[in-house]
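Below is one structure; the comments refer to it alone.
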Amino acid sequence: MKKYWKLIALIIFSGISISTFYLVTASAENSYPQYTIETRSGDKAVIKDLVLSASSYNEYGDYYWDTIQIDAEGTIGSKDVPFAEQLDMAYQNDLSVQKIYREHRGFFRSKNWDMAQFY
Amino acid sequence: MKNFIKLVRFEFNRVAPVYGVLAILTLLIQIVGVFVTTNGYLNSVNELKQMGTIDDSMITSDIGTMGMMRYTSTLWFLGPITFCAAALLIYSLFIWYRDWFGKNTFVYRLLMLPTQRLNILFSKVTTVFLMVIGLVAFQLILLHIESNLFQMLIPKAYFSYANINQIIRGSYYLSIFYPASGILFFSRYIQGLLGLLVVSTAILLERSYKIKGMVMGGCYAALILLLFAVPYLLQVFNSSYYLFSSEIFWISIGLTVIISIVSILISHHLLNKKVTV
Amino acid sequence: MIEVRQLEKKYKRKKVLNGISFTANKGEITCLIGTNGSGKTTILKAIMNLTPLEKGEIFIDGKALDKETYETIAFIPDAITMMPSMTIQEAMEFMAEFYTSWNQERATELLNFFKLSAKDKISQLSKGNTMKVNMVLGLALDVDYLLMDEPFSGIDIFSREQIAAVFTSHLVENRGVLITTHEISDIEHLIDKAVLIENGKVVTEFNAEEMREENGKSVVDVMREVYQP
């Protein structure tokens with residue numbers, strides 16, 4: 001069995017290195033900053049349905065952090081959302097828009113998905 | 001199953017010395033590169049200072065800051081990675097051909113083992129795959145080491161910090177090897193495994209049918225690439241979005257599974273009925 | 001019994017095997033005789049499923065070939081089959097690891113008989129010694145049948161004597177041996193059955209001892225009749 005040490009060492013090393021990496025980056029600490037909408041004056045209920053859809057970049061603007069949504073409650077980034085929706089956020093940022101796409105999949109195929117073109 | 005593991009261990013131990021050299025070379029070149037790059041940068045800083053620019057922010061707006069983000073696009077960093085990738089690609093072929101050619105025909109021994117011949121395929125593919133994963137894991141450690149080295153060597157005023165995640169996202173090549181999530185990592189490397197299976201099937205085709213087999217192998221590989229491209233081609237021809245990104249993802253996972261099974265079945269048939277020593 | 005039926009095989013448009021049929025029994029030494037390129041090696045490889053056949057069937061003790069076959073037949077080829085970088089010891093460990101029929105005592109006994117050291121590297125052995133190592137690796141398996149491809153070709157006379165001695169020893173007793181050769185003179189007295197092959201067919205097969213006693217002909221005599229009429 002002593003002939004197995006190289007193989008075992010490699011597997012354990014790789015397993016630890018890669019899983020540590022993904023467990024660390026999966027945590028929010030490495031993603032986007034948490035933005036909140038501060039109530040200065042007026043009624044919070046007004047912005048109940050308001051969602052700001054954004055892409056966040058690092059301080060020099062040279063690299064893209066994440067696609068995020070800010071609403072009355074706080075910030076949601078791609079980590080907070082199921083996997084399939086994460087992938088789709090690349091083209092269709094807005095989660096509520098995504099919901100419409102999914103409900104009417106057939107209608108939306110073969111059409112340009114830029115929301116600006118729909119009324 | 002036991003024979004499979006014995007064979008993996010055998011194949012890996014055969015290549016372990018060369019593999020170790022690859023890893024050490026990568027480490028040495030990348031680390032030496034850190035020092036060389038730092039030196040070059042600090043020399044430029046000093047030059048500027050001597051020419052009269054003493055304000056740090058003026059210096060950094062002129063020649064920029066230094067850190068891993070810049071380093072990952074240099075040859076010192078990417079060179080060893082490319083070299084290792086090429087070496088592993090070559091070995092995925094060599095691991096088969098070395099047993100047929102050369103002074104010895106070790107393939108006799110492999111084919112006469114009292115075990116499923118498919119285990120020969122699985123053990124070779126698994127060995128190369130483990131070698132890839134090992135270097136990928138090793139590079140992660142090197143990223144930490146190099147990042148810390150930069151932090152130690154470069155004065156704060158000129159140093160741009162980035163955490164490991166940012167370093168990776170900021171480099172096109174690194175983000176290929178380390179996709180954004182665990183699931184994507186898993187799926188991407190499974191597809192790499194499929195690539196190895198397809199290459200092995202093509203090699204077995206060549207070993208069974210010689211030149212005709214090589215052509216068949218080439219066509220097989222080309223066909224598979226085409227299949228994977230179909231979801232994207234659909235979008236091009238429709239000149240709009242036809243499939244959700246998530247749907248494309250699931251389709252390619254499905255394709256990967258199906259083609260893996262097909263490749264394995266073909267290889268099984270070739271190994272048992274068609275291959276020649 | 002190894003039974004081979006109507007083997008056909010083409011190689012580059014030429015029919016190397018054109019309907020070969022014969023049997024080799026356990027407890028006997030059967031010799032395939034033919035000129036160079038007559039397909040003898042191909043037959044042995046086909047029995048071990050190392051080369052595909054266009055037509056034909058092969059049965060070992062009535063069963064078709066499968067992975068279990070390799071625990072009942074050992075093939076000793078005319079080639080270096082172990083990695084040159086291995087030592088004889090490592091080659092033996094490889095065999096021991098994968099074959100339940102590996103008999104280490106017998107292997108050591110044979111190594112001593114051939115005066116080889118387990119620490120030698122395969123790459124440094126002479127051709128004669130490499131063949132002897134192949135023999136050790138094959139004979140040390142507790143199998144019922146042994147296939148040997150040209151065990152005497154290209155080897156010096158003293159090594160030949162050693163190998164011939166193995167044939168008459170307890171190491172080969174009770175096993176079925178099928179060998180190929182194109183020079184029969186050394187070992188005529190060792191073989192039981194001769195199968196002569198020409199142009200991909202079996203020309204004649206006979207029991208060597210009977211041929212000597214009843215017809216007064218040696219195997220070489222028959223060969224002359226067949227190959228140089």
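Chains A, B and C supply the protein sequences, listed in that same order. For the first sequence, the working numbering gives the first residue as 1, with consecutive numbering after it. For the second sequence, the working numbering gives the first residue as 1, with consecutive numbering after it. For the third sequence, the working numbering gives the first residue as 1, with consecutive numbering after it. All C-beta atoms in this analysis are idealised placements derived from N, C-alpha and C, irrespective of residue type, glycine included.
task: Report buried or exposed for C/V4, applying the criterion of at least 16 other Cβ atoms within 10 angstroms of its Cβ.
output: buried
message: Please report the distance separating the alpha-carbon of B/F150 from that of B/I54.
response: 22 Å
task: Determine the burial state of B/S263: buried for a count of at least 16 other Cβ atoms within 10 Å of its Cβ, exposed for fewer.
output: buried
query: In chain order, what residues of the stretch 141-152 of chain B put their CB closer than 7 Å to some CB of chain A?
result: I141
- prompt: Straight-line CA distance for C/L147 to C/F75?
  reply: 5 Å
field: Contacts around C/G27, its chain only, beta-carbon distance under 7 Å, and the 5 residues preceding and following it disregarded
entry: N174 and G176
message: I need the boundaries of the alpha helix (DSSP H) containing B/D99, first residue and last residue.
response: L75 to W100
message: Once the 5 residues before and after C/E225 are set aside, which same chain residues still bring their CB inside 7 Å of it?
response: none
Residues near A/I11 by beta carbon distance below 7 Å, same chain, minus five either side: none
- request: Return the chain-ordered list of same chain residues with a C-beta closer than 8 Å to the C-beta of C/Q104, the five sequence neighbours on each side being excluded.
  value: M92, A96 and A140
message: Taking the alpha-carbon of B/A180 as reference, which of B/L22, B/I190 and B/R169 has the nearest alpha-carbon?
response: B/R169
message: Looking only at its chain, what residues have a beta carbon closer than 6 Å to the beta carbon of C/V203, apart from the 5 residues adjacent to it on each side?
response: L196 and V226
task: Excluding the 5 residues preceding and the 5 following B/R188 in the sequence, name in chain order all residues of the same chain whose CB lies nearer than 6 Å to its CB.
output: P179
message: Nearest by alpha-carbon distance to B/F228: which of B/G254, B/G218 and B/I211 is it?
response: B/G254
- request: Check the Cβ of C/M48 against every Cβ in chain B and list those closer than 7 Å, keeping chain order.
  value: M112
query: By Cβ distance below 8 Å, which residues in the same chain neighbour B/Y108 in space, the five residues on each side in sequence not counted?
result: V277
message: Taking the alpha-carbon of C/V133 as reference, which of C/D78, C/F167, C/T168 and C/Y145 has the nearest alpha-carbon?
response: C/D78
query: Going along the stretch 58-80 of chain C in order, which residues come within less than 7 Å of chain B, judged by CB to CB distance?
result: K67, E68, Y70, E71, F75, P77, A79 and I80
Listed by chain order, chain B residues near A/K2 by CB distance under 8 Å: Going along chain B, no residue has its Cβ under 8 Å from A/K2, so there is no contact; the nearest lies around 11 Å.
field: is_contact[C/T180, chain B] using C-beta, thresh 8 Å
entry: no
message: Counting only C-beta atoms, is A/I18 closer than 8 Å to chain B at any point?
response: yes
task: Compute the distance between the beta-carbons of B/S176 and B/W96, then report whether it is under 8 Å.
output: In the sequence as presented, Ser is not what sits at residue 176 of chain B; that position holds Ile. For B/I176 and B/W96, no; Cβs fall outside 8 Å.
task: Flag this pair as yes or no: are the beta carbons of C/V143 and C/E71 separated by less than 8 Å?
output: yes
task: Report yes if the C-beta distance between C/E205 and C/F59 is below 8 Å; otherwise report no.
output: no
- request: Compile a chain-ordered list of the residues in the stretch 8-20 of chain B whose CB is closer than 8 Å to at least one CB of chain A.
  value: V8, R9, F12, N13 and A16
query: Where does C/K26 sit, in a helix, a strand or coil, going by DSSP?
result: coil
- request: Please determine, among B/G40, B/H269, B/N148 and B/L7, the residue with the shortest C-alpha to C-alpha distance to B/T74.
  value: B/G40
- request: Using the Cα positions of B/L271 and C/N25, report the straight-line distance between them to the nearest angstrom.
  value: 29 Å
message: Give me, in chain order, the residues of the same chain whose beta-carbon lies closer than 8 Å to that of B/K2; leave out the 5 immediate sequence neighbours on both sides.
response: none
field: DSSP three-state assignment for B/I31, whether helix, strand or coil
entry: helix
Within-8 Å CB hit, C/E210 to chain B: no
Per DSSP, the bridge partner or partners of C/R5: C/E57
query: Taking Cβ-Cβ distances below 8 Å as the criterion, which residues of the stretch 127-140 of chain B are in contact with chain A?
result: L130, I133, G134, V136, A137, F138 and L140
- prompt: Around the C-beta of A/T39, are 16 or more other C-beta atoms found within 10 angstroms, so that it is buried, or is it exposed?
  reply: exposed
- request: Under 7 Å between beta-carbons, which chain B residues line up against C/K45? List them in chain order, please.
  value: V277
field: the stretch 204-224 of chain C in contact with the stretch 177-195 of chain C per 3-pair CB rule at 8 Å
entry: yes
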